Amino acid sequence: IENLEKFREAMGVMQHHDAVTGTEKQLVANDYARLLYENLVNNNIVAANSIYKWANEKNSTTKLIVSSCLELNISSCPYTENSRQFTLIIYNPQSQPVSTYVRLPVNGSSYEVFDWAEDISILSQIVPIPKRVLQIPGRESKATNELVFRVNDLPPLGYKVYEVTEKPNTYEETPS
Amino acid sequence: ESTNFIGGDLYTITVDESGHIAVQYNNQNDMNFVQSFHYYEGAEGNNKVFENRSSGAYIFRPKTSEIHDFVYEGDYSIVKGPLVEEIHQNVNQWISQVVRVYKQEERIEFEWLIGPIPVEDKIGKEVVTKYTSNLNSDGEFYTDSNGRETLKRKRDYRPTWNLKLYEPIAGNYYPVTTKMYLKDKNKPLKLSVFTDRSQGGTSMKDGELELMLHRRLLNDDAFGVGEALNEVAYNTGLVVRGIHYVYGGNTKNLDAFTLKEKKLMLEQTLRPTILVIPFMQKNIDNWR
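Given below as structure tokens:
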């Protein structure tokens, strides 16, 4: 509740007209970014608790660690690009079902994406991240590719779970 | 396989001789558009009198009504796969974009990357993108303004007084919260652009939609902030990246068209949240 309350307060600050339009002084803009970042990260705990409850695992002894990818806009996510295997929870904030594409920054060149709800592996594609994105000042990411797959029928205000596993390269690189 | 276009079954999207992105609708031969980048030079002044007001954080005020073109000096490459087809285009040293069409989706995505805007020449610049279609919009276009009500805009016109614009560019710019579009006067054709953030937009010529993407200016506009809109990080100007969804076509079946547009707008603004958890053994049945 405390984390959520702080998040609400931050969102209240963000409704100031300068925050909405971007007419704040640079130092204030930096402070707004700090406020939003801290509260988004703190609220991973709230998200983890909610998901554990939905998944009937609230009595589990394993602590659920949930991370959000806040830099997907620059094709960067330390949690997906530094792991060979990870689980994704994709939550739909809309009150209607949604089918959409997901793009995740990764390091490898071949992945298996497994849909837990359907119990099947689904089609995915690797797309190179454009060079200019890799050169964005301040971008600290090892990802060179993006993993793309389609999420079908995300339930309204609900989630689906996908497991992503890197596959060994199935081709040999030629010297040229 | 060597190829020079993307677009799946719906579109033929190519890079034309001038470097612009040309989009031809396959099933509606009478509709096409070209996407291009341009910029305005920001007005500079001492802010003592109205005429000397600078372009800044509060106001967009180009120095002249002249829009500047970029010389497309970059290259492009094409990526095609089972789910998505993309054109990766470098326009110059500081502008690039990815044009993208997903399978099972009718929208065309323009993912632009602008910056750091060079200002070594001491000229503030305001970069825009233009979608120039063959639609006869007759000076009219539509913006969703405050996100609640879409309003019809008419170039060089106000509904309640006789207008004479001394600054036609700034005077025709309107707020776009999520959506901007134009319609053909004679045919049931429509072209819409959905933004991922609030932007300013206009239609300075018939068939044209123009949206402001990134601004770097060197003077305060004296409306209160006391700073020039010259944001710096990592010792250089900011780099911005964002997406426009472009959706258009025949509106004979207006209900279905409008429904698709509403879904697109919601997809842009209420995107799914992605949470990552490290791999661990779980009771899959519970999670299901």
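As you go down the protein sequences, you meet chains A and B in turn. Numbering-wise, the numbering used here puts 48 at position 48 of the first sequence, and it's gapless, one number per residue. Take any residue in the second sequence, count from 1 to its spot, add 1000: that is its number in the numbering used here. The beta-carbon is built from N, C-alpha and C at its ideal position, and this holds for glycine as well. Keep in mind that this is a model prediction, so the values were computed, not measured.
Taking DSSP as the reference, what is the three-state secondary structure of residue i?
i	result
leucine 1211 (chain B)	strand
leucine 1020 (chain B)	Reading off the sequence, residue 1020 (chain B) comes out as histidine, not leucine. Looking at histidine 1020 (chain B) - three-state DSSP - the assignment turns out to be coil, as it is neither helix nor strand.
arginine 8 (chain A)	helix
arginine 1153 (chain B)	strand
phenylalanine 1005 (chain B)	coil
serine 1036 (chain B)	strand
tryptophan 54 (chain A)	helix
lysine 1260 (chain B)	helix
histidine 17 (chain A)	helix
serine 26 (chain A)	Correcting the residue type first, residue 26 (chain A) is glutamine in the shown sequence and not serine. Helix at glutamine 26 (chain A).
lysine 1252 (chain B)	coil
tryptophan 116 (chain A)	coil
arginine 1197 (chain B)	coil
glutamate 1106 (chain B)	coil
arginine 1053 (chain B)	coil
alanine 1233 (chain B)	strand
isoleucine 153 (chain A)	It is worth fixing the name first, because residue 153 (chain A) is aspartate in this sequence and not isoleucine. Of the three classes helix, strand and coil, the one that applies to aspartate 153 (chain A) here is strand, per DSSP.
Any beta carbon of chain A sitting closer than 8 Å to that of residue i?
i	result
leucine 1189 (chain B)	no
tyrosine 1102 (chain B)	yes
proline 1118 (chain B)	no
alanine 1256 (chain B)	no
tryptophan 1112 (chain B)	no
valine 1276 (chain B)	yes
glutamate 1073 (chain B)	no
serine 1096 (chain B)	yes
leucine 1217 (chain B)	no
glutamate 1267 (chain B)	yes
Between the C-alpha atoms of residue i and residue j, what's the straight-line distance to the nearest angstrom?
i	j	result
glutamine 1035 (chain B)	tyrosine 32 (chain A)	34 Å
leucine 1083 (chain B)	glutamate 1111 (chain B)	17 Å
aspartate 1075 (chain B)	valine 1128 (chain B)	20 Å
glycine 1224 (chain B)	valine 20 (chain A)	16 Å
glutamate 81 (chain A)	glycine 1201 (chain B)	37 Å
methionine 1265 (chain B)	leucine 1259 (chain B)	10 Å
tryptophan 54 (chain A)	tyrosine 159 (chain A)	10 Å
proline 1175 (chain B)	threonine 1150 (chain B)	11 Å
leucine 36 (chain A)	lysine 1185 (chain B)	45 Å
arginine 1241 (chain B)	arginine 84 (chain A)	28 Å
leucine 70 (chain A)	isoleucine 136 (chain A)	16 Å
glutamate 177 (chain A)	threonine 165 (chain A)	Residue 177 (chain A) is absent from the model: chain A starts at 1 and stops at 176.
proline 155 (chain A)	lysine 167 (chain A)	29 Å
glutamate 1261 (chain B)	phenylalanine 1060 (chain B)	29 Å
asparagine 107 (chain A)	asparagine 42 (chain A)	27 Å
asparagine 145 (chain A)	tyrosine 1166 (chain B)	49 Å
threonine 1190 (chain B)	aspartate 1156 (chain B)	The residue asked about is misnamed: residue 1190 (chain B) is lysine in this sequence, not threonine. Whole-angstrom Cα-Cα distance: 22 Å.
aspartate 1285 (chain B)	valine 66 (chain A)	20 Å
Of all Cβ atoms in chain B, is any one closer than 8 Å to the Cβ of residue i?
i	result
serine 110 (chain A)	no
alanine 191 (chain A)	Given that chain A is displayed from residue 1 to residue 176, the structure contains no residue 191 (chain A) and the question cannot be resolved.
isoleucine 120 (chain A)	no
glutamate 113 (chain A)	Looking at the sequence provided, one finds valine at residue 113 (chain A) rather than glutamate. No, its Cβ sits nowhere closer than 8 Å to a Cβ of chain B.
lysine 53 (chain A)	no
serine 67 (chain A)	yes
leucine 40 (chain A)	no
leucine 64 (chain A)	yes
isoleucine 1 (chain A)	no
alanine 19 (chain A)	no
tyrosine 79 (chain A)	yes
glycine 158 (chain A)	no
lysine 25 (chain A)	yes
State buried or exposed for residue i, treating a residue as buried only when at least 16 other CB atoms are found within 10 Å of its CB.
i	result
valine 102 (chain A)	buried
alanine 143 (chain A)	buried
arginine 1100 (chain B)	buried
phenylalanine 1194 (chain B)	buried
asparagine 1219 (chain B)	buried
threonine 1003 (chain B)	exposed
glutamine 1199 (chain B)	buried
valine 1239 (chain B)	buried
valine 1232 (chain B)	exposed
isoleucine 120 (chain A)	exposed
glycine 1115 (chain B)	buried
methionine 1204 (chain B)	buried
histidine 16 (chain A)	exposed
glycine 1248 (chain B)	buried
tryptophan 1094 (chain B)	buried
asparagine 92 (chain A)	buried
8 Å is my cut-off, CB to CB: does residue i come that close to chain C?
i	result
valine 98 (chain A)	As a matter of chain content, chain C is missing from the structure shown, whose protein chains are A and B.
Between the stretch 1170-1180 of chain B and the stretch 1136-1152 of chain B, are three or more C-beta pairs nearer than 8 Å? yes
Okay, do the stretch 137-152 of chain A and the stretch 95-110 of chain A touch, 3+ Cβ pairs below 8 Å being the bar? yes
Cβ contact check for the stretch 1204-1211 of chain B and the stretch 109-116 of chain A: 3 or more pairs under 8 Å: no
Could you tell me whether the stretch 1114-1125 of chain B touches the stretch 1149-1164 of chain B, where touching means 3 or more Cβ pairs closer than 8 Å? Because the criterion of three Cβ pairs below 8 Å is not met, the stretch 1114-1125 of chain B and the stretch 1149-1164 of chain B do not touch.
Segment contact flag, the stretch 1104-1119 of chain B with the stretch 1228-1248 of chain B, C-beta cutoff 8 Å, min 3 pairs: yes
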